Amino acid sequence: MFGRKKKVAAVPRKIPVNLGIIMDGNGRWAKKRGLPRQAGHVTGAQVFRKITKYCQKCGVQYLTVYAFSTENWRRPQEEVDAIMNLLRQYLKESLADFQQENIRTRFIGDRTALDEDIRLLMEEAERTTAHKDGMTLNIALNYGGQQEITAAARKLAEKVAAGEISPSAIDEAMLEGALYTEDQPPVDLILRPSGEYRLSNFLIWQSAYAEYVFMDVLWPDFKEADLDRAFEEYARRDRRFGGV
Ligand code: FPP
Numbered sequence: 005m006f007g008r009k010k011k012v013a014a015v016p017r018k019i020p021v022n023l024g025i026i027m028d029g030n031g032r033w034a035k036k037r038g039l040p041r042q043a044g045h046v047t048g049a050q051v052f053r054k055i056t057k058y059c060q061k062c063g064v065q066y067l068t069v070y071a072f073s074t075e076n077w078r079r080p081q082e083e084v085d086a087i088m089n090l091l092r093q094y095l096k097e098s099l100a101d102f103q104q105e106n107i108r109t110r111f112i113g114d115r116t117a118l119d120e121d122i123r124l125l126m127e128e129a130e131r132t133t134a135h136k137d138g139m140t141l142n143i144a145l146n147y148g149g150q151q152e153i154t155a156a157a158r159k160l161a162e163k164v165a166a167g168e169i170s171p172s173a174i175d176e177a178m179l180e181g182a183l184y185t186e187d188q189p190p191v192d193l194i195l196r197p198s199g200e201y202r203l204s205n206f207l208i209w210q211s212a213y214a215e216y217v218f219m220d221v222l223w224p225d226f227k228e229a230d231l232d233r234a235f236e237e238y239a240r241r242d243r244r245f246g247g248v
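This is the structure we're talking about:
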């Protein structure tokens, strides 16, 4: 009827069990303000902390954030150093925080190229949170999906060469078990802010049946309400996993 407010059916709240976030747009956020790109990463790191806590509060069980890709080494050394320093700072400050939060922290990616002090801090963070049974936070660092699958294939090839398994025993489950995320469920939702519509080599195996939500907001401007909007969009999706 005219004049009446159209009723919009309420979408039930549905939270993804496993969420991946590509924290994109830090550089553009800084540029818009006439600041060096590093300033965008500083604010981006603060937003990362806030959103991680909010994900835990909402009931997300696995959260993976893309902090540094295998391709990010191509950036100016100054910017790479700034991101690594933010990570150092985050790890040092969070080691105390970790005791209070019920978050299990893990790192995925190739650690061999990282500085030794960072590697030790990463190991300490993993060790001190290993017993937590709340949300699992994966920080993807020097991570690339293609590199991850290649490393998994190499691991299985070594087992074949050692006579531990036969090539015919290799199936999807075995390959999945050789990934960094070995014991985790598949990704339900990939969220990418900043207006880019790409996966950028992020969790390419794990997100085979994931939903994607792309948002126009730049990561340093990302708020809890943006995550709520993404979850609402996710709740509207009809996931069929190849069925009907
Ligand atoms: C992408 O934005 C962001 C990164 C490559 C770095 C992300 C790092 C952080 C948020 C801080 C450190 C992380 C932790 C876990 C403490 P971009 O630089 O590609 O932005 P642009 O596309 O606008 O240039």
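Just remember that my numbering sits 4 ahead of the position in the sequence shown, which is counted from 1.
Using N, Cα and C, we set each Cβ at its ideal position, and we do this for glycine too.
Since the model is a prediction, treat every value here as computed from it, not as a measurement.
Annotation: A144 to S172 spans about 31 Å, alpha carbon to alpha carbon. Linking T154 to L231 through their CA atoms gives a straight-line distance of about 32 Å. Counting the other CB atoms within 10 Å of its CB gives V64 a total of 16 or more, which places it among the buried residues. In this structure, the C-beta of I143 approaches the ligand FPP to less than 7 Å from one of its heavy atoms.
Annotated three-state conformation of L39 is coil, per DSSP. Taking a 10 Å sphere around the C-beta of R196, we find 16 or more other C-beta atoms and assign the residue as buried. DSSP places A144 in the strand class (E or B) of the three-state scheme. For T185, there is no enclosing beta strand (DSSP E), as DSSP gives it neither H nor E.
At the C-beta level, L124 and K96 stay beyond 8 Å of one another.
DSSP, reduced to helix, strand and coil, places S73 within a strand of the structure shown. If you draw a straight line from the Cα of K18 to the Cα of Y201, it is about 23 Å long.
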